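Residue numbers (the numbering used here): 6 to 301. A short write-up of the structure that comes next.
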Amino acid sequence: MSPRPSKRPAVPGSRRVRPGIVSPLREVPPSIPRPPYILTGGQPAPGDPAPKSAEVLDRMRRAGRIAAEILAAAGAAVRPGVTTDDLDALVHDECVRRGVYPSPLGYRGFPKSVCTSLNEVICHGIPDNTVIRDGDIVNLDVTVFTEGVHGDTNATFLCGNVDTQSRKLVRVTRECLELGIAAVRPGVQVRAIGRAIQQHAEAAGFGVVRDFVGHGIGETFHAPPQVPHYDDPRATMVLEAGMTFTIEPMITIGDWRHTMWPDGWTAVTVDGKRTAQFEHMLVVTADGADILTVAG
Ligand code: MF3
Ligand code: CO
Ligand code: CO
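Have a look at this one:
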């Protein structure tokens, strides 16, 4: 018998990601404090865009640092043969070890502790038995709850030999986040962030996802303002020092529109082309922005 020919396609994106098998619930020890929505069956409170006190910012900086460190550890584990559920176990165990709650777990019914979004998955992929292969790009989105606040950050990692266009996508997406952060200062509208991102993405020939946005964050996971990653005339809120929010551009090689899987979470590009994302949580300072999701 000759070996079965590899089903691995040569063309990136010609393998579609498909739903896999989700493993049983992972437990969080009862000693670790839960976010408020866990006590209300997954439904969050609305939240507040108001500037944060120095005391809250200290707590958010510690939460952000932990999220960034767990993200780096999970990213370092991305290699061919690893499943997205393996990465969920890693993130979950790191949270428990550090005594923090993995914010996705039970948020609006999300079943796992991290979002894992491969290739054409825009965001909110659910970890399952899907095997990550050489050439894939994988976004890991880590959020933790500790000291009463959330820390939220994500990055897209390369698995092995990734094609040139996908590498460019990942690079440009990282640059979009950097340019969005550079647009932040008191007195400007939220709109300025998306304008900077859209300009850079489209100059590179890429699309900007409209249907998912950055968000205010703090004691609430998703608070106002919404932070669009394109030039949205509705994003008129004026930034003030002390406001905290995420910027998390999702950039596409092709069409930016999405289709939702029946699981109600996994958002994929309509054309099956690849997409990448990077996210930081930040605070508006007197003359710019300070990133809260940096590893120690
Ligand atoms: N961390 C994601 C964000 O950046 C939200 C994930 S919600 C979940 O906003 F339920 F999908 F985990
Ligand atoms: Co976020
Ligand atoms: Co996130």
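By construction, the Cβ of each residue, glycine as well, lies at the ideal position given by its N, Cα and C atoms. Computed from a predicted model, the values in this text were never measured in an experiment.
- Per DSSP, Ser118 is not a residue of any beta strand (DSSP E), being assigned neither H nor E.
- For ligand 2, no non-hydrogen atom lies closer than 7 Å to the CB of Thr298.
- Distance check between Ala77 and each of Pro29, Thr151, Asp157, Pro24 places Asp157 closest, using alpha-carbon atoms only.
- With a minimum length of 4 residues, the unbroken runs of alpha helix (DSSP H) contained wholly in the region 138-209 fall at 169-187, 196-208.
- The shortest C-alpha to C-alpha distance from Arg23 to any of Ala208, Met265, Asp63 is the one to Met265.
- When Cβ pairs closer than 8 Å are counted between the two stretches, the region 272-287 is seen not to touch the region 45-52, the count staying below three.
- In this structure, DSSP gives Gly80 a helical state, which the three-state scheme calls helix.
- For His97, the enclosing alpha helix (DSSP H) begins and ends at 89-103.
- DSSP, read as helix, strand or coil, puts Met65 in helix.
- Annotated three-state conformation of Tyr42 is helix, per DSSP.
- Taking 8 Å as the cut-off, the Cβ atoms of Tyr112 and Pro38 do not count as close.
- Going by C-alpha positions, Gly301 is about 16 Å away from Leu287.
- Between the region 174-187 and the region 69-86 there are fewer than three inter-stretch CB-CB distances shorter than 8 Å, so the stretches are not counted as touching.
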